[in-house]
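2 protein chains.
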Amino acid sequence: MGSDIDAARIAVRESIDRWIDAVRARDLDAMMNAYADDLVGFDVMPPARHEGRDAWRRVWAGFFENTEGPIDFETSEMRIEAGADLAWCHLLNRVGCTGKDGTRHEALVRATICFRNSDGRWLVAHEHASIPMPMPSPGACESAAQ
Amino acid sequence: MGSDIDAARIAVRESIDRWIDAVRARDLDAMMNAYADDLVGFDVMPPARHEGRDAWRRVWAGFFENTEGPIDFETSEMRIEAGADLAWCHLLNRVGCTGKDGTRHEALVRATICFRNSDGRWLVAHEHASIPMPMPSPGACESAAQ
């Protein structure tokens, strides 16, 4: 069992490294290989929730369309917990990118990535990315629900 | 195995229900029963990351100190995935509360809750709560790192 857990931990780490390489390379197909069909994604920006791999693909297609040049990723505080059939990872990502209008964006993004072992492949079934924000105003509810 | 997974799913659901009841009752001790000592928490507001149960307790003590009256929770889109030794749940929470200064706060909060089976008790080892926000400005990095 211990060695299975170690193998799961390594597989999860490799999946994350491949995903980051694919984002840097702006390779949408390679990036999407990480995900299960029934993925539920919570992205940094509204809307609050994306259901399914295709919806998540559209989010990332939009990101690549709206940015240009290098995408910086600097991960820290990564922790992986692996089990027999599920695993998760949480980490911080210092992300830097440049919008098509030339605006530079930088943020410290928290990410939680939940994996499921599907016939020996560790696939991401849930992903939650966010930036902490000050106390929400009464209007936050409406904008988040868009 | 199937019945173990069903039992895990029920235990996770019960833990979440107890946690919500405890928040509504402003019962910090009861709420903290859900968590493992080595919890890593990502809260809605900065700082980006809290390490350990005691740090998380301080976050919630602050929330209770800075609000008064009823705390509204309306959950939706809850999905639980349970395994032999790990489980996770993700959901939306429509949260409403009133600050000590009388300001009403309402928000749609996404939550991802990661559980570990510790000698038969399903404890939260990681929690990520957030509100989606518009594209971060160049200053977001600094405020998030506070």
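As they're listed, the protein sequences go chains G and P.
Position 85, counted from 1, in the first sequence is what my numbering calls 85; the numbers after and before it change by one each time, with no gaps.
One gets my numbering by counting positions in the second sequence from 1 and adding 1000 to each.
Even glycine gets a Cβ: it sits at the ideal position worked out from N, Cα and C.
A check of alpha carbon separations from L91(G) across E81(G), T112(G), D54(G), E127(G) identifies T112(G) as the nearest.
If you compare the alpha carbons of A1084(P), V1109(P), R1104(P), C1089(P) with that of P1070(P), the shortest gap goes to R1104(P).
Only exposed fits D72(G), as fewer than 16 other CB atoms lie within 10 angstroms of its CB.
When CB distances to chain G are screened at a threshold of 7 Å, the residues of the stretch 1124-1135 of chain P falling below it are A1125, H1126, H1128, S1130, I1131, P1132, M1133, P1134, M1135, in chain order.
If you look at N1033(P), you'll find it isn't in any alpha helix (DSSP H); DSSP assigns it neither H nor E. Chain order gives the chain G residues near T1112(P) as F42, T112, C114, H126, H128, where near means a beta carbon separation below 8 Å. Between D37(G) and the set L123(G), D17(G), R110(G), the nearest pair of CA atoms involves L123(G). Judged by DSSP in its simplified three-state form, D1017(P) adopts helix.
The beta carbon of A1082(P) sits closer than 7 Å to the beta carbons of I1005, A1008, R1009, V1012 from its chain, once the five residues preceding and following it are set aside; these are given in chain order. Against R1049(P), the close residues of chain G are E77, L92, R110, in the order they occur along the chain (beta-carbon pairs closer than 8 Å). According to the DSSP secondary-structure assignment, R79(G) is paired through a beta bridge with H90(G). If you draw a straight line from the Cα of D1054(P) to the Cα of P1047(P), it is about 15 Å long. Under the criterion of beta carbons closer than 8 Å, F1042(P) and A1129(P) qualify as touching, at roughly 7 Å. Exclusion of the five residues before and after M1078(P) leaves L1091 as the residues of its chain whose Cβ lies within less than 6 Å of its Cβ. Residue state for R1104(P) is assigned as strand, using DSSP reduced to three classes.
Annotation: the continuous alpha helix (DSSP H) that includes R1058(P) extends over 1053-1066. Secondary structure of I1131(P) (DSSP, three-state): coil. Short of 7 Å from the beta carbon of R1049(P), and not among the five residues preceding or following it, lie these beta carbons of its own chain, in chain order: V1040, F1042. Between the alpha carbons of R26(G) and G1002(P) lies a gap of roughly 40 Å. The beta carbons of R1057(P) and L1028(P) sit about 7 Å from each other, so the pair counts as a contact at 8 Å.
Comparing alpha carbon positions, the residue from E1051(P), G1099(P), C1089(P), D1085(P) closest to D1119(P) is D1085(P). Between V1109(P) and M133(G) the beta-carbon gap is near 11 Å, outside 8 Å, which marks them as no contact. Residue pairing by DSSP places A111(G) opposite L91(G), A129(G) in a beta bridge. Under the 7 Å criterion on CB atoms, W88(G) is classed as interfacial with respect to chain P.
DSSP, read as helix, strand or coil, puts R1024(P) in helix. E65(G) counts as exposed, since fewer than 16 other C-beta atoms from the protein chains shown sit within 10 angstroms of its C-beta.
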